[in-house]
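By my numbering, the letter at position 149 of the sequence shown is numbered 147, and the numbering carries on one by one without gaps.
Below you'll find the structure, written out as structure tokens, and then a few comments.
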Amino acid sequence: MSLLYFRDRENVDLENVFFEHSVSEQIQQFLKEHQFAEILQQYELPVANKILLYGKTGCGKTMTAKAIAKKLNKNIFIVNLASVVSSKLGETAKNVQSIFKESNYENSVLFFDEFDSLGQIRDYDNKDSSEMKRVVNAILQLIDNFPKNSILIAATNQIQMIDEALIRRFELRLEFALPSKIVLEAFYDKLLSKFPAKYQNVEKQYGISFSEAKDLIFRQVKNNIISDEMNKLN
Ligand SMILES: Nc1ncnc2c1ncn2[C@@H]1O[C@H](COP(=O)(O)OP(=O)(O)O)[C@@H](O)[C@H]1O
Ligand SMILES: [Mg+2]
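So, in structure tokens, the structure goes:
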């Protein structure tokens, strides 16, 4: 087991992820092409296998990466970029290269979460950005030799931190924006449907992330349950 990545078998179903319509369509197309990748490749048709998920925190990027792996029945290797970006100058590029050697990601999903951690290298090495260049080059090399039957997914809340040359390598770039009112309403309905009607009395907010919405609802439902129980005691 490496400190730099871990294999994950988390159970996230794509059906439980809420998407804006255009994102959902692109993911469905991506999945279909992967299900039929072999025949498409026989005709020398390109099948996209590199996805960049970007946008607001708490909107489903990590969840989506895991759900795609599950849907395609592939293992997912989650690369811990924070630990890859070593505090020791000069180690990061070496770490990146060792991931590609060590992890056997043939026919798997290789997932760089918090891809923008790479940007922090600039802080360690701000006089000359040679380490940054080495790391970007190591990743570009990985991408250019990436196996066709594997999938590379990177996620970031800060796409502006990421080198243009890297961004361009991803065939699919999907934005995870804050959910619209309609989508969030559907999300609230789904969350609340698990609880008896008497606990469903909550105040909803809009213009927030799914993750914030979930916290907001759970806090209120918990308090509804607790005050109900307390009333029973009195
Ligand atoms: N699009 C979504 N659909 C359903 N639940 C979501 C969605 N986005 C976030 N959540 C909820 O918020 C949690 C955190 O989401 P996560 O995927 O880690 O967001 P991100 O990686 O974009 O910061 C998830 O585990 C899930 O409970
Ligand atoms: Mg995340």
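Virtual Cβ for every residue (Gly too), placed ideally from N, Cα, C.
Note that the structure is predicted; figures quoted are calculated from it, not measured.
Under 6 Å Cβ to Cβ from residue 50, same chain only, skipping five residues before and after it: list those, please. The sequence position of residue 50 within the sequence shown is 52, counting from 1. So the qualifying residues of the chain are 152, 168, 171.
If you measure from each residue's Cβ to the nearest non-hydrogen atom of ligand 2, which ones come out under 6 Å, in chain order? 59, 60, 111, 153
Measure the beta-carbon distance from residue 16 to residue 184 and round it to whole angstroms, keeping in mind my assumption that it falls under 8 Å. Position 18 of the sequence shown, counting from 1, holds the residue named residue 16. Position 186 of the sequence shown, counting from 1, holds the residue named residue 184. Confirmed, Cβ separation roughly 7 Å.
Under 7 Å from any heavy atom of ligand 1, does the C-beta of residue 56 make it? The residue you call residue 56 lines up with position 58 of the sequence shown. The answer is yes for residue 56.
Residue range of the beta strand (DSSP E) that residue 222 falls in? Here residue 222 corresponds to residue number 224 of the sequence shown, with the count starting at 1. Premise fails: residue 222 lies in the alpha helix (DSSP H), 208 to 231, not in any beta strand (DSSP E).
Under 8 Å: do the region 70 to 85 and the region 176 to 191 share three or more Cβ pairs, one atom per stretch? no
Taking DSSP as the reference, what is the three-state secondary structure of residue 188? Mapped onto the sequence shown, residue 188 falls at position 190. Note: residue 188 maps to helix in three-state DSSP.
Beta-carbon proximity of residue 209 to residue 53, cut-off 8 Å: Start at 1 with the first residue of the sequence shown, and residue 209 comes out as number 211. Start at 1 with the first residue of the sequence shown, and residue 53 comes out as number 55. Cβ distance not < 8 Å, so residue 209 and residue 53 don't count as in contact.
Would you be able to state if there are at least three C-beta pairs under 8 Å between the region 142 to 150 and the region 186 to 197? no
Considering only residues of the same chain and omitting the five flanking positions on each side of residue 113, which have a CB-CB separation below 7 Å? By 1-based counting over the sequence shown, the position of residue 113 is 115. Counting only Cβ-Cβ distances below 7 Å, and skipping sequence neighbours, we find 79, 152, 153, 154, 160.
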